[in-house]
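Counting from 1, position 84 in the sequence shown corresponds to residue 84 in UniProt numbering; the numbering is continuous, with no gaps.
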Amino acid sequence: MANNRANSRPGTVSGPNKTCQFKLVLLGESAVGKSSLVLRFVKGQFHEYQESTIGAAFLTQTICLEDTTVKFEIWDTAGQERYHSLAPMYYRGAQAAIVVYDITNQESFAKAKNWVKELQRQASPNIVIALAGNKADLAARRVVEYEEAQAYAEDNGLLFMETSAKSSMNVNDIFLAIAKKLPKNESGGGPAGRGHGGVDIANEPQQNTRTSCCR
1 MANNRANSRP
11 GTVSGPNKTC
21 QFKLVLLGES
31 AVGKSSLVLR
41 FVKGQFHEYQ
51 ESTIGAAFLT
61 QTICLEDTTV
71 KFEIWDTAGQ
81 ERYHSLAPMY
91 YRGAQAAIVV
101 YDITNQESFA
111 KAKNWVKELQ
121 RQASPNIVIA
131 LAGNKADLAA
141 RRVVEYEEAQ
151 AYAEDNGLLF
161 METSAKSSMN
171 VNDIFLAIAK
181 KLPKNESGGG
191 PAGRGHGGVD
201 IANEPQQNTR
211 TSCCR
């Protein structure tokens, strides 16, 4: 789904209990699990067979921090090569991005690096970028080592976690880490979008990013 709401404005702050709204985009090769990560975060669901995204899908979700409610406007972009040219429309003006790769697919990690380079060149200068090594529940089939991805993330100033949309490992945590890193004093504001209710994960225990879960 693509429409002119892809260009929503920067985060908004309002009220005594501060509410901040931020645009977040997911990027990565097809079939790495971007839509599954979003579905798990927004609705707490996982579908074994997830249809490929066409263009982009839009969802919203909120995270309650101690003194701030962070509302994410999430753009889940299609990974197929034919949609690559549309990506700038979605990451333009985004305050955050999650670049996703599949730990069982080396090529998807190489493509993730390309996305990071593109964001660093063309996205907002202060964009918060997180790298997600998805499908951590398939650790027995791993080809991208945790240490390799962690070193790359550190060299490029990225947040990094391995995630599993199926087991929910680190899914909430990566969004929480982004929410904590985003500035909470920006002006302006985008449309509210289609809400799906909030989730308070501020006090959830942090999972070990190196521990994989069984399917």
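Idealized CB from N, CA, C, for every residue including glycine.
For residue i, the three-state DSSP class (helix, strand or coil)
i, result
"K135", "coil"
"I74", "strand"
"I127", "coil"
"M161", "strand"
"D67", "coil"
"I103", "coil"
"Q150", "helix"
"A94", "coil"
Residue environment, residue i, which counts as buried when at least 16 other CB atoms sit within 10 Å
i, result
"A151", "exposed"
"G133", "buried"
"G195", "Reliability of the predicted coordinates at G195 is poor, the pLDDT of 35 falling under 50, and the value obtained from them is presented with this limitation in mind. Classification for G195: exposed."
"G157", "exposed"
"F175", "buried"
"D67", "exposed"
Rounded straight-line distance, which links the Cα of residue j to that of residue i
i, j, result
"A179", "A140", "31 Å"
"A130", "N17", "27 Å"
"Y90", "L182", "18 Å"
"A136", "Q106", "14 Å"
"T62", "K71", "4 Å"
"Q80", "T19", "35 Å"
"S30", "V38", "14 Å"
"K111", "K117", "10 Å"
"C214", "R121", "Any reading at C214 must be qualified, since the residue scores a pLDDT of 25, below 50, and its modelled position is unreliable; the value itself is stated next. Rounded to the nearest angstrom, the two C-alpha atoms are 38 Å apart."
Pick from the options that is closest to residue i, judged by C-alpha positions
i, options, result
"I98", "T104, A110, K43, W115", "W115"
"Q95", "I127, A87, E107", "I127"
"D173", "R142, F41, S108", "F41"
"F169", "V144, G44, Q21, L27", "Sequence check: residue 169 is Met here, not Phe. Of the candidates V144, G44, Q21, L27, the one whose C-alpha sits nearest the C-alpha of M169 is G44."
"I103", "F22, L24, V32", "V32"
"S164", "S36, F22, L119", "S36"
Whole alpha helix (DSSP H) runs in the segment 11 to 49 with 4 or more residues, listed along the chain?
Residue ranges of uninterrupted alpha helix (DSSP H) with 4 or more members, entirely inside the segment 11 to 49 and ordered along the chain, are 34 to 43.
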